[in-house]
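One structure below.
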Amino acid sequence: MTVAPLRIGNASGFYGDRFDAMREMLTGGPLDVLTGDYLAELTMLILGRDRLKNPSGGYARTFLGQLEECLGLAHERGVRIVANAGGLNPAGLADAVRQLADRLGIPVRVAHVEGDDLTAGHPRSLAAHAYLGGAGIAACLREGADIVVTGRVTDAALVTGPAVAHFGWAPDAYDRLAGAVVAGHVLECGTQATGGNYAFFTDHDPARLRHPGFPLAELHEDGTSVITKHDGTGGLVDIGTVTAQLLYETSGARYAGPDVTARLDSVRLAQEAPDRVRISGVRGEAPPPTLKVGLNRLGGYRNEVVFVLTGLDIEAKAALVRDQMEAALDAAKSRPTEVRWDLARTDHADAPTEETASALLRLVVRDRDQDAVGRTLSGAAIELALASYPGFHVIAPPGKGSPYGVFEDVYVPQGAVEHVAVLHDGRRVPVAPATDTLVLEPAPEPALPEPLSPGPTRRAPLGVVAGARSGDKGGNANVGVWVRSDDAWRWLVHQLTADRFQNLITESCHLKVVRHTLPNLRALNFVVEGILGEGVASQHRFDPQAKALGEWLRSRHLDIPEALL
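Each residue of the sequence shown is one higher than the one before, starting from 1 at the first, in the working numbering.
The following block contains the structure:
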């Protein structure tokens, strides 16, 4: 007997996403399951600091606010809700949801998943959490839960769990599980699948992109899916928006998780109809024998001051204040252990406004001692107010310094984690780890197509022909680049090598850059190792999550065949 498709939506891509999205998704059209992704590496650190202040906290409180408005709607429409908003305290959030439901008089069954918290085994960490799969979620749903809250699970587990519960897939149904993982990866960041943060946004009516609707997937028993959105909502769903999200925060062709390793090089996309993209052909392999564990700890204190340099002699002004500050820091009782300078030449010659005539010189300091980045820096900077370059002023005076975090990932055997589904009636159901596993290895690079025939070229930005989306994974960044025609692919795959990438993104020239090729998507994925230092919370660079790294790449000029322009 054929099982009906599972219509599963997303209402949150991060902690702080659009508050009204839950209501919009529940009222916009039919759904079976509504998911919400509230966690990121930085979020776990934020929740860890919250838990230090209030041990009963540690979860995404906005989720409760959304439920207060929408729990009745979900109950009336028979929509189950699955969210990782439990953060560091899924049991606490489950209790809070029960109290809310009792107060509202709405009979719902609330379950949660636990076992991801490994902080006790990593005493130097503020939070240490394993990335669990969807089996615990599936167990809760099979036992009748209306709401399932989790801690740290993989983003795609919010879809694989409901899919396993709905279709009854066996643990070794790898192709079907991989299809659900790919659909979950597309959904997990909300409106990034429906035109948000989209490289080719200028090709579309701005009014259409002003308020994009959140995405949903129609997931089928065979693991295929259609990515779409509710009728009448803003944004768009096309092969480009889905491709962009597929490349986001990934690396090679093997996309590993606790449930399955999905082969991204097998994914095939087809525009089935307006705002409907079919995903098919996804192959899966046994998951790796280990689970990723994200470690978050406090790294020390950070402070910064931004000097404004206006008009003429920008380089000389920067050199003067830098020499003065370095001398003052050397003479201080406690010089910061890390001192970094960056000059952003935002100034224009003969500028019509003072702001456009100004450059920014940023000084960032770090140290384990708060005084070394607070009093030391502020004293040195403020004392130069009348004794430095002409036109001296700063964006804001430096403060006392703020703590920054460090992210690291390690791996533990799947069996080392006690994955448990805690049902609405209090029963605890252990979730067995994967029994068949496969050590993760890089996929072989595919054969390349024939190069584009030689012809006249024109110097132009890469972004004229290629889209990109970039993001962070710990201290690394990935930049996915794709094109929209076979001819453009034949040019891109031969021209944009790892070496060429490093020449264009000069910040990466001394780092390791690995290129992965995904011909079915006409895409290349570059992983830049170490460009983000110790992770987003360390604020290592101007764009600490590498969100705009892909747009910088698109702005760089190459000799592009005129036939593609």
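Yeah, the Cβ is synthetic: ideal placement off N, Cα and C, and Gly gets one too.
Once DSSP output is grouped into helix, strand and coil, what is the label at Q271? Position 271 of the sequence shown, counted from the first residue, corresponds to residue 271. Q271 falls in the strand class under three-state DSSP.
Any heavy atom of the ligand SAM within a distance shorter than 6 Å of the CB on Y15? Summarising the ligand content, the structure contains no ligands, and the ligand SAM is consequently not present.
If you run the structure through DSSP and keep just helix, strand and coil, what is P287? By one-based count along the sequence shown, residue 287 stands at place 287. Looking at P287 - three-state DSSP - the assignment turns out to be coil, as it is neither helix nor strand.
Three-state class that DSSP yields for H348 in the structure shown: Position 348 of the sequence shown, counting from 1, holds the residue named residue 348. In the structure shown, H348 sits in coil (DSSP, three-state: anything other than H, G, I, E or B).
Grab me the residues of V364's own chain with a C-beta within less than 6 Å of its C-beta, minus the 5 sequence neighbours each way, in chain order. One-based indexing of the sequence shown puts residue 364 at position 364. Correct list, in chain order: E304 and R340.
If we count the other Cβ atoms within 10 Å of its Cβ and call it buried at 16 or more, is I531 buried or exposed? By one-based count along the sequence shown, residue 531 stands at place 531. Buried, because 16 or more other Cβ atoms sit within 10 Å of the Cβ of I531.
Taking the C-alpha atoms as reference points, what is the distance between G535 and E408? Taking the first residue of the sequence shown as 1, we reach residue 535 at position 535. Taking the first residue of the sequence shown as 1, we reach residue 408 at position 408. Those two C-alpha atoms are separated by around 8 Å.
Applying the criterion that 16 or more other CB atoms from any shown protein chain within 10 Å of the CB defines a buried residue, is N54 buried or exposed? Along the sequence shown, one-based indexing puts residue 54 at 54. Result: exposed.
Nearest neighbour of L213, chosen from R51, N10 and G300 [CA to CA]: Looking up residue 213 in the sequence shown gives position 213. The sequence given here places Gly at residue 213; Leu does not occur at that position. Measuring from the Cα of G213, the nearest candidate turns out to be N10.
Does DSSP put P519 in a helix, in a strand, or in coil? The sequence position of residue 519 within the sequence shown is 519, counting from 1. The answer is helix: DSSP assigns P519 an H, G or I state.
In terms of residue numbering, what span does the beta strand (DSSP E) encompassing D367 cover? For the purposes of this step, residue 367 is identified with residue 367 of the sequence shown, where counting begins at 1. Segment S358 to D367, the beta strand (DSSP E) holding D367.
Counting Cβ pairs, one atom from each stretch, are 3 or more of them under 8 Å apart for the segment 166 to 180 and the segment 214 to 229? yes
Can you tell me the Cα-Cα spacing of V422 and R500, whole angstroms? Within the sequence shown, numbered from 1, the residue matching residue 422 stands at position 422. Within the sequence shown, numbered from 1, the residue matching residue 500 stands at position 500. For V422 and R500, the distance between alpha carbons rounds to 51 Å.
Tell me which residues share the same chain as T517 and place their Cβ nearer than 7 Å to its Cβ, disregarding the 5 neighbours each side in the sequence. As a working note, residue 517 is residue 517 in the sequence shown. For T517, where only same-chain residues beyond five positions count, the Cβ hits under 7 Å are E445, P446, V493 and L524.
Residue range of the alpha helix (DSSP H) that includes I239: For the purposes of this step, residue 239 is taken as the residue at position 239 of the sequence shown. Element bounds for I239: I239 to L247.
C-alpha distance - A537 paired with D472, whole-angstrom precision: For the purposes of this step, residue 537 is taken as the residue at position 537 of the sequence shown. For the purposes of this step, residue 472 is taken as the residue at position 472 of the sequence shown. The alpha-carbon atoms of A537 and D472 are separated by roughly 11 Å.
Range covered by the beta strand (DSSP E) that runs through F407: The sequence position of residue 407 within the sequence shown is 407, counting from 1. Note, F407: beta strand (DSSP E), S402 to P413.
Per-residue burial, Q570 [other beta carbons within 10 Å of its own, 16 or more giving buried]: This structure cannot settle anything about residue 570, because the visible part of the chain is limited to 1 through 565.
Under the rule that 16 or more other beta-carbon atoms within 10 Å means buried, what is D32, buried or exposed? Here residue 32 refers to the residue found at position 32 when the sequence shown is read from its first residue. By the neighbour-count rule (16 or more Cβ atoms within 10 Å), D32 is buried.
For A101, is the classification buried or exposed, using 16 other Cβ atoms within 10 angstroms of its Cβ as the cut-off for buried? Here the question's residue 101 lines up with position 101 in the sequence shown. Burial call: buried.
How far does the alpha helix (DSSP H) with P162 in it extend, from its first residue to its last? To locate residue 162, count along the sequence shown from 1; it is residue 162. That run of the alpha helix (DSSP H) goes A157 to F167.
Which stretch, first to last residue, makes up the alpha helix (DSSP H) that contains D371? Here residue 371 refers to the residue found at position 371 when the sequence shown is read from its first residue. Q370 to V373 is the extent of the alpha helix (DSSP H) around D371.
Can you name the start and end residues of the alpha helix (DSSP H) that D95 belongs to? In the sequence shown, residue 95 corresponds to position 95, counting from 1. It spans P90 to L104 - the alpha helix (DSSP H) in which D95 sits, taken as one unbroken run.
My assumption, with CB atoms under 8 Å, is that L246 sits in contact with H185. Please give the rounded CB distance. Position 246 of the sequence shown holds residue 246. Position 185 of the sequence shown holds residue 185. With a Cβ gap of about 7 Å, L246 and H185 count as contacting.
Quick check on the burial criterion: 16 or more other C-beta atoms within 10 angstroms. Buried or exposed for H348? Residue mapping note: residue 348 aligns to position 348 of the sequence shown, counting from 1. Its Cβ having fewer than 16 others within 10 Å, H348 is exposed.
Residues near A488 in its chain [Cβ-Cβ closer than 8 Å; skip 5 each side]: Here residue 488 refers to the residue found at position 488 of the sequence shown. Only V465, A466, R522 and L564 meet the Cβ criterion.
Mind the definition here: the segment 11 to 25 touches the segment 35 to 50 only if three or more C-beta pairs lie below 8 Å; say whether that holds. yes
Under 7 Å Cβ to Cβ from V502, same chain only, skipping five residues before and after it: list those, please. Indexing the sequence shown from 1 puts residue 502 at position 502. For clarity, residue 502 is Gln in the given sequence; the question names Val instead. So the list reads S508, C509 and V513, once near-sequence residues are dropped.
Reducing DSSP to helix, strand and coil, say where T191 ends up. Looking up residue 191 in the sequence shown gives position 191. Helix.
Note down, in chain order, each residue of its chain lying with its Cβ closer than 8 Å to the Cβ of A96, except the 5 sequence neighbours on either side. For the purposes of this step, residue 96 is taken as the residue at position 96 of the sequence shown. Once the five neighbours on either side are set aside, the close Cβ partners of A96 are Y59 and L64.
Quick one: grab the DSSP three-state call for R152. For the purposes of this step, residue 152 is taken as residue 152 along the sequence shown, with counting starting at 1. Correct three-state label for R152: coil.
From L558 to H122, what distance separates their C-alpha atoms? Residue mapping note: residue 558 aligns to position 558 of the sequence shown, counting from 1. Residue mapping note: residue 122 aligns to position 122 of the sequence shown, counting from 1. Going by the C-alpha atoms only, they are around 48 Å apart.
Look at the alpha carbon of A4 and the alpha carbon of F167, and state the distance between them as a whole number of angstroms. Counted from its first residue, the sequence shown places residue 4 at position 4. Counted from its first residue, the sequence shown places residue 167 at position 167. So the two alpha carbons sit approximately 9 Å from each other.
In the DSSP assignment, the beta strand (DSSP E) including N478 goes from what residue to what residue? Position 478 of the sequence shown, counted from the first residue, corresponds to residue 478. Unbroken beta strand (DSSP E) run through N478: N476 to V483.
Give, in chain order, every unbroken run of the beta strand (DSSP E) that is at least 3 residues long and sits entirely within the segment 6 to 30. 6 to 10
Of all the beta strand (DSSP E) runs that stay within the bounds of the segment 500 to 558, which reach a length of 3 or more residues? 513 to 518 and 523 to 528
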